[in-house]
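Heads up: take any position in the sequence shown, counting from 1, add 1, and you land on this note's numbering. In what follows, a structure is listed as C-alpha cells, so that the remarks can point back to it.
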Amino acid sequence: MIREKLGENARVVSVRQTGGEGLKRFISSPKLEVIAEVPDPDLPVPQLDANDSTATKTVDKQDANASADVAPSKIVKPAKENLSNSSPKPLDDEQKDALNILTKAGFDETLISQIKSWPEVGNLEGLALADVLRKVTLCLSDRYKSMPTSVLSTKVALLGSPGAGKTTMLCKLLAHEVFINKRIPMVLKLENGVPNPDDSLRIFCDVIGVTLYRESSKIPPASLQSPLFIDIPGISINNASEWSSINNSLQELGVNSRILVLNGAYDTKVLAKCIRIGSNLDATHLAITHFDELSNASKLWPLILDSGLTPYCISTGQNVTGDFSSNVLNQMIAKSFPENLYAQTFSSYQRT
Ligand SMILES: Nc1nc2c(ncn2[C@@H]2O[C@H](COP(=O)(O)OP(=O)(O)OP(=O)(O)O)[C@@H](O)[C@H]2O)c(=O)[nH]1
Ligand SMILES: [Mg+2]
Numbered sequence: 002m003i004r005e006k007l008g009e010n011a012r013v014v015s016v017r018q019t020g021g022e023g024l025k026r027f028i029s030s031p032k033l034e035v036i037a038e039v040p041d042p043d044l045p046v047p048q049l050d051a052n053d054s055t056a057t058k059t060v061d062k063q064d065a066n067a068s069a070d071v072a073p074s075k076i077v078k079p080a081k082e083n084l085s086n087s088s089p090k091p092l093d094d095e096q097k098d099a100l101n102i103l104t105k106a107g108f109d110e111t112l113i114s115q116i117k118s119w120p121e122v123g124n125l126e127g128l129a130l131a132d133v134l135r136k137v138t139l140c141l142s143d144r145y146k147s148m149p150t151s152v153l154s155t156k157v158a159l160l161g162s163p164g165a166g167k168t169t170m171l172c173k174l175l176a177h178e179v180f181i182n183k184r185i186p187m188v189l190k191l192e193n194g195v196p197n198p199d200d201s202l203r204i205f206c207d208v209i210g211v212t213l214y215r216e217s218s219k220i221p222p223a224s225l226q227s228p229l230f231i232d233i234p235g236i237s238i239n240n241a242s243e244w245s246s247i248n249n250s251l252q253e254l255g256v257n258s259r260i261l262v263l264n265g266a267y268d269t270k271v272l273a274k275c276i277r278i279g280s281n282l283d284a285t286h287l288a289i290t291h292f293d294e295l296s297n298a299s300k301l302w303p304l305i306l307d308s309g310l311t312p313y314c315i316s317t318g319q320n321v322t323g324d325f326s327s328n329v330l331n332q333m334i335a336k337s338f339p340e341n342l343y344a345q346t347f348s349s350y351q352r353t
C-alpha cells in the first residue's frame, strides 16, 4: 500500500498500532501508524554509521504518517535488520567479551554476575555476541518457566508501597475481568485507619458497572464468576505496624491471593525490600507497574526470579483500559536486550 502511495522506492520504517490498543480495541477500530521513507533519487546513497544519530540528516526523508483502518495482518512489519540503514561496526578488541558489551549496553550487572554462576550457561568466554545473547535469552526463559506458579483465587488483594500503582492496576484488572473474562467482579476498599481516597476508583467502577464496597460485612460471597478485589491504601515500607494490621484484616476476610504491586522504576534495593515485606504479608503474585518508564528492564530479572512469587502482569502506562500485559516473560525479554545489539548480532551472522 505504501509503494502504491509513495512510489517503488518507498520503504516502510516502522508500523505501530496507535488506536484501539488493549481493551479499547473492543470499542474502536484499530489504527496503524506507518512511517515510510522515500530516498531522494538525486542524492548518492550515503554510507551511514548505525550509531551516528545525525547520519540520517544526509538523506532527504519524506515521512508518511498514514493512519488507516486496515487489518494489521495486511501490513508487513519490517524485519529488525531492515530498520538500520547500514552495517554495524565490527567488534573491536576491547569488545571481545560479549558480557562486557551487554554491561556497556545497560544490562544489569547483578544479573550478569548471576548468569555467570548458572551451570546451564556454560563457558561464555570467546563466544560471539549472537551466541551469548541466544544462550542468555534461553536460560532466562527456562528459569522463568521453571518458577512455581499459582492461579488467582476468588479473593484478591493488591499490596504495595504508596503510589506503586495499585489502584491503577486494580482498574486494569477489573476492566480485563469485565470485558475479556466476562465476569462480574466486586471491589472492597480497605482503609484500616489510613485514608484511601477513592474518587477515580469509584468513577471507574461506576463506568464499567462494578460494585464498590466500603464495608466488608456487606460483601456477598465471592465466586469464580464474581471474584472480589481489594484496594489497599499506600503504606510506607517502613511502617511495620500498619502492615501487620492490614495483614490481620486480609486474614479475617480469607484473602488467599495477594498481588504485590511494584513500581518497576524504583531502585532495586527498595524493590527488594518491598518483596521482603510482601513475603511477610503472604504475597503470592507479582505485578510490575511503570514498565513504560524503564529503558532497560534487566534489573528486574533477579528480583522476579528470586522472589518466589508468581509473575502476574505488567503495567505499561497510565491508560486503565489498556497498557497491561499478562505475558510477563515476553515483556521482560523484549525490554532486556537493547534492540541495536540484536541488529548487530544479526548482521554479524549475515556477514559470516
Ligand atoms: N507511567 C505509568 N504511570 C503509572 C502506571 N501505573 C500507575 N501509574 C501512575 O502512578 C500514579 C500512582 O498510581 P496509583 O494507582 O494511584 O497508585 P497507588 O499505589 O494506588 O497509590 P496509593 O493508593 O496512594 O498508595 C498515578 O499517577 C498513575 O497514573 C504505569 O504503569 N505507568
Ligand atoms: Mg491507591
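Where a beta carbon is used, it is the ideal one built from N, C-alpha and C, also for glycine.
With DSSP as the reference, label His291 as helix, strand or coil. Residue state, collapsed to three classes: coil.
Taking 7 Å as the cut-off, is the beta-carbon of Lys173 closer than that to any non-hydrogen atom of ligand 2? Because no heavy atom of ligand 2 lies under 7 Å away, the Cβ of Lys173 does not count as near it: no.
In angstroms with no decimal places, state the Cα-to-Cα distance between Glu34 and Leu254. Each residue's alpha carbon lies about 48 Å from the other.
Could you give the distance in angstroms between the alpha-carbon of His177 and the alpha-carbon of Gly127? Note on geometry: alpha-carbon atoms of His177 and Gly127 lie some 47 Å from one another.
Taking all protein chains shown into account, decide if Ile204 is buried (16 or more other Cβ within 10 angstroms of its Cβ) or exposed. Exposed, by the Cβ-count rule.
First and last residue of the uninterrupted alpha helix (DSSP H) at Met170: Here the alpha helix (DSSP H) through Met170 covers 167-176.
Just the Cα atoms here: how many angstroms apart are Ser237 and Lys274? Straight-line spacing of the CA atoms in Ser237 and Lys274 works out to 11 Å.
Within the present structure, is the beta-carbon of Ala165 separated from the nearest heavy atom of ligand 1 by less than 7 Å? For ligand 1, at least one heavy atom lies less than 7 Å from the Cβ of Ala165.
Collapsed DSSP secondary structure at Val256 in the structure displayed: Val256: coil per DSSP, three-state reduction.
Can you tell which of Phe108, Asn257, Gly166, Lys190 has its C-alpha closest to the C-alpha of Asp293? Across the set Phe108, Asn257, Gly166, Lys190, the C-alpha of Gly166 shows the shortest separation from the C-alpha of Asp293.
Comparing alpha-carbon positions, which option in Leu125, Ala37, Gly107, Pro163 lies nearest Val271? The candidate whose alpha carbon is nearest that of Val271 is Pro163.
Contact set for Cys206: own chain, Cβ-Cβ below 8 Å, skip 5 residues either direction: Hits under 8 Å: Leu175, Val188, Thr212, Leu213.
Counting C-beta neighbours from all protein chains within 10 Å, is the total for Asp232 16 or more, i.e. buried, or is it exposed? With 16 or more neighbouring CB atoms inside 10 Å of its own CB, Asp232 falls in the buried class.
Nearest-angstrom Cα separation, counted from Asp132 out to Arg336: Checking the sequence, you will find Lys at residue 336 rather than Arg. Rounded to the nearest angstrom, the two C-alpha atoms are 19 Å apart.
According to DSSP, residues forming a beta bridge with Lys190: Bridge partners of Lys190: Asp232.
Glu34 at chain C interface by Cβ criterion, 8 Å: The displayed structure is made up of one protein chain only, and chain C is not part of it.
If contacts are defined as beta-carbon pairs under 8 Å, then Leu112 and His286 qualify, I think. What distance do you get, rounded to the angstrom? Contact between Leu112 and His286 is ruled out by a C-beta separation of about 22 Å, above the 8 Å threshold.
Under three-state DSSP, which class holds Ser246? Helix.
When the Cα atoms are used, what is the spatial distance from Ser296 to Pro221? In a straight line, the C-alpha of Ser296 is about 43 Å away from that of Pro221.
Please classify Asn264: is it buried, with 16 or more other beta-carbons within 10 angstroms of its beta-carbon, or exposed? Counting every other CB atom within 10 Å of its CB across the protein chains shown gives Asn264 a total of 16 or more, marking it as buried.
Alpha carbons only, please: which of Ile247, Leu330, Lys156, Asp109 is nearest the one belonging to Phe230? Closest by alpha carbon: Lys156.
How about Asp232: is its Cβ closer than 7 Å to a heavy atom in ligand 2? Answer for Asp232: yes, Cβ within range of ligand 2.
With DSSP as the reference, label Leu128 as helix, strand or coil. Coil.
Thr314 to Gln332 span [Cα, whole Å]: According to the sequence displayed, residue 314 carries Cys and not Thr. Whole-angstrom Cα-Cα distance: 9 Å.
Can Gln226 be considered in contact with ligand 1, in the sense that its beta carbon sits closer than 7 Å to one or more heavy atoms? Between ligand 1 and Gln226, a heavy atom-to-CB distance of less than 7 Å is absent.
Work out the CA separation of Gly235 and Ala158 for me, nearest whole Å. When rounded, the distance between both Cα atoms is 13 Å.
What is the DSSP secondary structure of Glu34, counted as helix, strand or coil? Strand at Glu34.
Should Thr168 be counted as a contact of ligand 2 given a C-beta to heavy atom distance under 7 Å? At least one heavy atom of ligand 2 is nearer than 7 Å to the Cβ of Thr168, so yes.
Do you know whose CA, among Ser280, Thr290, Ser245, Asn248, lies nearest Tyr267's CA? Across the set Ser280, Thr290, Ser245, Asn248, the C-alpha of Thr290 shows the shortest separation from the C-alpha of Tyr267.
If we ignore side chains and look at the alpha-carbon of each, how far apart do Pro1 and Val14 end up? Residue coverage of the chain in this structure runs from 2 to 353, which leaves residue 1 outside it and unanswerable.
Considering only residues of the same chain and omitting the five flanking positions on each side of Met170, which have a CB-CB separation below 7 Å? Leu159, Val262, Ala288, Thr290, Ser316, listed in sequence order.
Apart from the five residues just before and just after Trp119, which ones in its own chain have a Cβ nearer than 7 Å to its Cβ? Here the set comprises Cys140.
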